[in-house]
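Q: Chains X and E are the protein sequences, given in the same order.
For the first sequence, the working numbering begins at 1 and goes up steadily by one.
For the second sequence, the working numbering begins at 1 and goes up steadily by one.
Backbone N, C-alpha and C fix where the C-beta goes; we use that ideal spot for every residue, glycine too.
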Amino acid sequence: MGRKLLLEKAHVEGIRTYEVYRREGGYRSVEKALKSMTPEQVVEEVKKSGLRGRGGAGFPAGMKWSFIAKPEGVPRHLVCNADESEPGTFKDRYLMEFIPHLLIEGLIVSSFALGSNATYVYIRGEYAWIAGILEKAIDEAKHNGFLGKNILGSGFDCEIYIHRGAGAYICGEETALIESLEGKRGNPRIKPPFPAIKGAWGRPTVVNNVETLCAVVPIINDGGEEYARIGVGKSTGTKLLSACGNINKPGIYEIDMTISVEEFIYSDEYCGGIADGKRLKACIPGGSSVPILPANLLLKTAKGETRYMNYESLADGGFATGSMMGSGGFIVLDEDQCVVRHTMTLARFYHHESCGQCSPCREGTGWMEKILKNIEYGKGKPSDIDLLWDIQRKIEGNTICPLGDAAAWPVAAAIRHFRDEFEWHITNPVAAQQRNFGLAHYADPLEVAATA
Amino acid sequence: MSEEKKLFKVTIDNITVEVEPGTTVLMAARKIGGEVAPPAMCFYSKLEGSGGKCRTCLVEVAAGSTADPRPMPKLVASCRTNVMDGMIVKNITSERVVDARKGVVEILLINHPLDCPICDQAGECHLQDLGYDHGAEGTRYEFKRRTFKKEDIGPYIQLHMTRCILCYRCTYVADQLTNKRVHGIVERGDHAAISTYISKAIENDFSGNMIDVCPVGALTDKTFRFKNRVWFLKPVNAHRDCTKCSGKVTLWNRGDEVFRVTARKDQWGEVEEFICNTCRFDKKETKDWVIEGPTLVNRHSVVSQGHYTGLEMPKETIQEVMNGRKPKLLMNIHDVSEVNKPEIDLSAIQGPAHSEDFK
Ligand code: SF4
Ligand code: FES
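Next comes the structure, spelled out in structure tokens:
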């Protein structure tokens with residue numbers, strides 16, 4: 001059984017309250033950091049830990065922190081990105097809903113490291129009830145001297161404010177989030193300048209994901225080196241995964257990134273296998289925007305090696321034969337699922353959520369959705385597949401923010417790996433309305449090119 | 001010690017220029033001019049914060065700077081990317097750029113109504129020019145185009161949202177030239193629309209400038225709508241004493257009649273100075289103005305046709321009489337005669353050649 005750092009105490013009765021959380025050893029990291037460390041030392045520990053941003057991009061958190069500008073007399077801000085909206089991803093929700101004090105604790109330590117006296121949690125609008133849970137936790141922490149003026153006599157002041165979004169996926173993009181936090185329309189900003197230089201209200205700002213900030217707590221408690229010992233290579237520590245789709249045990253799992261994908265799906269400790277004894281067809285391992293993989297490429301890399309649940313192994317083979325860890329939204333599709341329909345649903349989502357600022361994303365996402373709809377409903381043309389491919393290619397990399405890429409990748413990967421399913425839909429429009437393409441050859445072992 | 005500013009050297013399509021630090025790649029390219037300057041549908045040098053949206057100005061950065069010569073992995077928006085010393089940029093010399101730009105043009109046109117025959121902007125529309133220069137002949141889009149209702153925003157301006165390309169320029173006019181306002185767009189994605197917030201800006205003396213900055217026919221001058229085609233009009237520069245603006249305008253005349261008044265535009269289609277609504281909408285008689293002379297119009301523009309109404313182009317006959325063979329250049333009179341300075345490049349002269357050009 002893998003080691004748990006974040007969810008260790010998740011099942012302790014009453015852990016949501018301050019008393020229980022404190023009794024279980026909560027807020028130790030605040031005491032340690034504020035009483036015996038300098039902000040630089042905290043940053044150093046996080047760097048040593050090798051912690052990578054858990055929001056999707058996987059950028060080293062310590063490095064991100066060290067980029068923050070420190071102009072004289074200008075306040076700095078830490079903003080927690082709790083706008084978890086990537087389809088298939090619901091890990092932050094679990095953390096905030098059941099162990100809210102863990103996030104508050106991580107926020108205080110991180111605010112101390114960055115010198116943020118006013119820290120914000122931007123939480124997605126749909127998590128309406130969680131905002132209340134967090135506010136209660138903040139009140140309790142404040143009441144017990146962990147927030148407010150001169151925390152633990154260290155001279156460090158910190159307030160945490162909860163800001164509810166209005167329900168837009170785009171506000172999870174850090175600069176759109178900042179705009180929205182400022183009370184404006186949530187349009188991503190054109191970079192540079194980056195938030196580390198000019199963020200909220202033009203001040204240096206760091207935006208971190210909920211899970212990233214929670215992970216700071218064990219890092220400070222046990223030390224960065226200790227944390228880095230868990231995991232493998234550049235995938236250090238533990239990672240939360242939200243598993244969903246056709247599996248026996250959907251839910252949140254904390255893994256230490258040394259287990260294989262196969263074990264994650266089939267072992268009873270995790271997903272418990274595919275529901276109803278069906279066969280695995282495909283999987284999106286890291287939230288809706290990362291490339292979908294057919295079963296054979298999911299369990300083994302193109303080189304024929306076992307694929308593991310970590311940043312490097314999931315990305316092995318690049319986009320040609322690999323995928324990404326992304327935000328940890330693990331979506332499993334069984335043999336009865338239709339990849340065309342599934343891709344259409346995602347395209348509809350990205351079309352709906354595009355902010356409309358830049359032309360490739362604004363117009364291209366809608367175009368892709370319309371074509372996919374035609375194919376799904378038996379009105380596709382053979383040329384549509386190449387057209388789709390060309391549109392996604394014209395969007396990818398040419399937009400202001402990563403939403404364009406996020407919209408393009410699922411379409412690209414679906415065509416790359418499931419082209420025959422698309423073709424079948426087009427050449428058999430009547431049959432495609434009545435049944436699915438099925439598993440076909442997507443789980444067949446792949447031939448591995450012999451290495452010289 | 002002399003405070004000499006260090007200039008940055010940047011090479012765009014193999015041509016090197018020196019520009020001040022802080023200049024964008026696009027402005028550096030405009031300094032070189034011609035085809036090297038990427039098309040810009042949303043950037044407007046006179047409107048702060050504009051640019052970055054349409055993505056027509058994407059370029060490839062082959063080397064970031066002398067200090068860090070790594071190429072940039074993605075194409076960048078030249079209007080919002082600052083030059084670095086030693087930067088090497090590829091615009092039309094990059095296949096990736098040409099390909100991406102073609103994609104952007106196609107995408108900008110998929111929801112555009114293509115109603116040029118009934119659009120007042122035809123002939124001076126940047127989207128028409130862009131499509132002509134960088135687009136494909138046809139579209140691959142086979143779905144219903146998005147439509148909106150026409151909207152009057154105040155007595156002088158009509159919004160044709162269906163034609164809008166969401167460049168945001170007009171919202172910057174509303175924001176920067178009229179009383180402070182931040183929002184101008186409602187809804188999101190491909191339903192995003194310029195909103196009625198702007199209708200309130202008509203209270204202001206400078207709102208008419210939206211018409212000039214709009215690259216397409218989405219914002220049109222109601223005092224001019226359907227009155228005439230721009231290429232039948234003759235633009236002349238004129239001025240008047242105005243208490244609100246510089247009073248320097250272009251009048252669009254036919255005979256003695258003033259059909260419309262606009263700000264003067266430079267070779268990139270940007271206004272030189274914003275003008276007030278009084279000059280634009282209320283002064284429509286020749287006696288209101290002191291005429292300076294004809295406006296310089298690019299000879300490739302359809303507007304320049306207006307200068308020569310009635311002129312018929314001779315038919316190309318040489319090839320015909322030579323049984324299809326192309327004529328050979330025997331002697332370039334311009335080069336050998338000493339009359340019209342041979343060092344002057346005739347093709348570089350804007351508009352018809354004039355004795356002034358050879359002084
Ligand atoms: S109305 Fe014209 S100026 Fe305004 S956003 Fe649309 S195209 Fe741009
Ligand atoms: S002009 Fe640069 S993106 Fe529009």
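#1: Please say whether Lys35(X) and Gly25(X) have beta carbons closer to each other than 9 angstroms?
#2: Roughly how many whole angstroms lie between the Cα atoms of Leu181(X) and Tyr122(X)?
#3: Just to make sure I have the definition right: I need the residues of chain X whose C-beta is within less than 8 angstroms of the C-beta of Tyr141(E). Which are they?
#4: For a cutoff of 9 angstroms on Cβ pairs, would you count Tyr168(E) as touching chain X?
#5: For chain E, find out if any of its Cβ atoms is closer than 9 angstroms to the Cβ of Pro360(X); answer yes or no.
#6: According to DSSP, is Gln267(E) part of a helix, a strand, or is it coil?
#7: Can you tell which of Tyr18(X), Arg229(X), Asp316(X), Ile284(X) has the C-alpha that lies nearest to the C-alpha of Val411(X)?
#8: I want to check one thing, is the minimum distance from the CB of Val186(E) to the heavy atoms of the ligand SF4 below 8 angstroms?
#9: Can you confirm whether Val89(E), when its beta carbon is compared against all beta carbons of chain X, has any partner nearer than 9 angstroms?
#10: Just to make sure I have the definition right: I need the residues of chain X whose C-beta is within less than 9 angstroms of the C-beta of Leu75(E). Which are they?
#11: Would you mind stating whether Asp458(X) and Gly397(X) have Cβ atoms separated by less than 9 angstroms?
#12: Taking Cβ-Cβ distances shorter than 7 angstroms, what residues in chain E pair up with Lys370(X)?
#13: Taking Cβ-Cβ distances shorter than 9 angstroms, what residues in chain X pair up with Gly103(E)?
#14: Have a look at Lys198(X), Leu51(X), Arg16(X) and flag the residue whose alpha-carbon is nearest the alpha-carbon of Leu78(X).
#15: Quick one: Cα of Val206(X) to Cα of Thr38(X), how far?
#16: Could you check whether the Cβ of Ser94(E) sits closer than 8 angstroms to any heavy atom belonging to the ligand FES?
#17: Run through the segment 273-340 of chain X for me and flag every whole alpha helix (DSSP H) of 4 or more residues, listed as ranges in chain order.
#18: If we count the other Cβ atoms within 10 Å of its Cβ and call it buried at 16 or more, is Asn144(X) buried or exposed?
#19: What does a CB cutoff of less than 6 angstroms around Pro75(X) pick up in its chain, not counting 5 residues either side in sequence?
#20: On the three-pair Cβ rule with 8 angstroms, is the segment 4-16 of chain E touching the segment 27-37 of chain E?
#21: Counting along the chain, where does the beta strand (DSSP E) carrying Asp386(X) start and finish?
#22: So, helix, strand or coil for Asp335(E), using DSSP?
#23: Pull up the distance between the alpha-carbon of Ala282(X) and that of Leu293(X), whole angstroms please.
#24: Consult DSSP for His417(X) and reduce its assignment to one of helix, strand or coil.
#25: For Val182(E), which residues from the same chain have a beta carbon less than 7 angstroms from its beta carbon, with the 5 sequence-adjacent residues on both sides left out?
#26: Would you mind reading off the limits of the beta strand (DSSP E) that contains Cys57(E)?
#27: Name, in chain order, the residues that DSSP records as bridge partners for Met87(E).
#28: By DSSP, does Asp176(E) sit in helix, in strand, or in coil?
#29: Return the first residue and the last residue of the beta strand (DSSP E) that Ser242(X) is part of.
#30: What are the residues in the segment 324-355 of chain X lying within 8 angstroms of chain E by C-beta distance?
#31: Give me the Cα-Cα distance between Ala69(X) and Ala196(X), rounded to the nearest whole angstrom.
#32: What is the DSSP secondary structure of Thr119(X), counted as helix, strand or coil?
#33: Residues bridged to Gly251(X) by DSSP?
#34: Relative to the alpha-carbon of Arg146(E), which residue among Asp335(E), Ala63(E), Val98(E), His112(E) has its alpha-carbon at the smallest distance?
#35: Taking DSSP as the reference, what is the three-state secondary structure of His143(X)?
#36: Could you tell me how far apart the beta carbons of Cys361(X) and Thr321(X) are, in whole angstroms, since I believe they sit closer than 8 angstroms?
A: With the given structure in hand:
#1: Residue mapping note: residue 25(X) aligns to position 25 of the first sequence, counting from 1. Residue mapping note: residue 35(X) aligns to position 35 of the first sequence, counting from 1. Taking 9 angstroms as the Cβ cut-off, Gly25(X) and Lys35(X) do not qualify as a contacting pair.
#2: Mapped onto the first sequence, residue 181(X) falls at position 181. Mapped onto the first sequence, residue 122(X) falls at position 122. Distance between the alpha carbons of Leu181(X) and Tyr122(X): 7 angstroms.
#3: Here residue 141(E) refers to the residue found at position 141 of the second sequence. The contacting residues are Trp367.
#4: Taking the first residue of the second sequence as 1, we reach residue 168(E) at position 168. Judged by the 9 angstroms Cβ criterion, Tyr168(E) is in contact with chain X.
#5: By one-based count along the first sequence, residue 360(X) stands at place 360. Yes - at least one Cβ of chain E is within 9 angstroms of the one on Pro360(X).
#6: Taking the second sequence and counting its residues from 1, the one referred to as residue 267(E) is at position 267. Gln267(E) falls in the coil class under three-state DSSP.
#7: For the purposes of this step, residue 411(X) is taken as the residue at position 411 of the first sequence. The shortest Cα separation from Val411(X) among Tyr18(X), Arg229(X), Asp316(X), Ile284(X) belongs to Ile284(X).
#8: As a working note, residue 186(E) is residue 186 in the second sequence. No.
#9: Position 89 of the second sequence holds residue 89(E). Taking Cβ atoms only, chain X never reaches closer than 9 angstroms to Val89(E), which makes this a no.
#10: Counted from its first residue, the second sequence places residue 75(E) at position 75. Those within 9 angstroms of Leu75(E) in chain X are Gly397, Asn398.
#11: Residue 458(X) is absent from the structure shown; chain X starts at 1 and stops at 452.
#12: The residue labelled residue 370(X) in the question sits at position 370 within the first sequence. In chain order: Phe143.
#13: Mapped onto the second sequence, residue 103(E) falls at position 103. The answer, in chain order, is Pro360, Gly364, Asp390, Ile391, Arg393, Lys394, Ile395, Asn398.
#14: For the purposes of this step, residue 78(X) is taken as residue 78 along the first sequence, with counting starting at 1. For Leu78(X), the nearest C-alpha among the options comes from Lys198(X).
#15: Residue numbering aside, residue 206(X) sits at position 206 when the first sequence is read from its first letter. Residue numbering aside, residue 38(X) sits at position 38 when the first sequence is read from its first letter. Cα-Cα distance, rounded: 18 angstroms.
#16: One-based indexing of the second sequence puts residue 94(E) at position 94. No, Cβ of Ser94(E) sits at least 8 angstroms from all heavy atoms of the ligand FES.
#17: 295-299, 311-314, 318-321
#18: Position 144 of the first sequence, counted from the first residue, corresponds to residue 144(X). So Asn144(X) counts as exposed.
#19: By one-based count along the first sequence, residue 75(X) stands at place 75. Cβ neighbours of Pro75(X) beyond the five flanking positions: Arg203.
#20: yes
#21: Locating residue 386(X) in the first sequence gives position 386, counting from the first residue. First-last for Asp386(X): 383-395, but that is the alpha helix (DSSP H), not the beta strand (DSSP E).
#22: If you number the second sequence from 1, residue 335(E) lands on position 335. Correct three-state label for Asp335(E): helix.
#23: The count along the first sequence starts at 1 and reaches residue 282(X) at position 282. The count along the first sequence starts at 1 and reaches residue 293(X) at position 293. Cα to Cα, Ala282(X) sits roughly 6 angstroms from Leu293(X).
#24: Position 417 of the first sequence, counted from the start, is the residue given in the question as residue 417(X). Here His417(X) sits in helix by DSSP.
#25: In the second sequence, the residue the question calls residue 182(E) occupies position 182. Residue confidence is low: Val182(E) scores 48 on pLDDT, short of 50, so the model does not pin down where it sits. Its coordinate-derived value is still stated next. Cβ neighbours of Val182(E) beyond the five flanking positions: Asp175.
#26: Here the question's residue 57(E) lines up with position 57 in the second sequence. Counting along the chain, Cys57(E) falls outside any beta strand (DSSP E), and DSSP gives it neither H nor E.
#27: Residue 87(E) sits at position 87 when you count from the first residue of the second sequence. DSSP output for Met87(E) lists Val10(E) as bridge partner(s).
#28: Position 176 of the second sequence, counted from the start, is the residue given in the question as residue 176(E). What sits at residue 176(E) in the sequence shown is Gln, not Asp. Helix.
#29: Along the first sequence, read from residue 1 onward, the residue named residue 242(X) stands at position 242. Unbroken beta strand (DSSP E) run through Ser242(X): 239-245.
#30: His351, His352, Glu353, Ser354, Cys355
#31: Taking the first sequence and counting its residues from 1, one reaches residue 69(X) at position 69. Taking the first sequence and counting its residues from 1, one reaches residue 196(X) at position 196. Looking at the two C-alpha atoms, the distance is approximately 6 angstroms.
#32: For the purposes of this step, residue 119(X) is taken as the residue at position 119 of the first sequence. Looking at Thr119(X) - three-state DSSP - the assignment turns out to be strand.
#33: Position 251 of the first sequence, counting from 1, holds the residue named residue 251(X). Ala243(X), per the DSSP bridge assignment.
#34: On the second sequence, residue 146(E) is found 146 positions in, with the first residue counted as 1. Comparing Cα-Cα distances from Arg146(E) to each of Asp335(E), Ala63(E), Val98(E), His112(E), the minimum goes to His112(E).
#35: Counted from its first residue, the first sequence places residue 143(X) at position 143. His143(X): helix per DSSP, three-state reduction.
#36: Residue mapping note: residue 361(X) aligns to position 361 of the first sequence, counting from 1. Residue mapping note: residue 321(X) aligns to position 321 of the first sequence, counting from 1. Incorrect: roughly 26 angstroms between the Cβ atoms, too far for contact.
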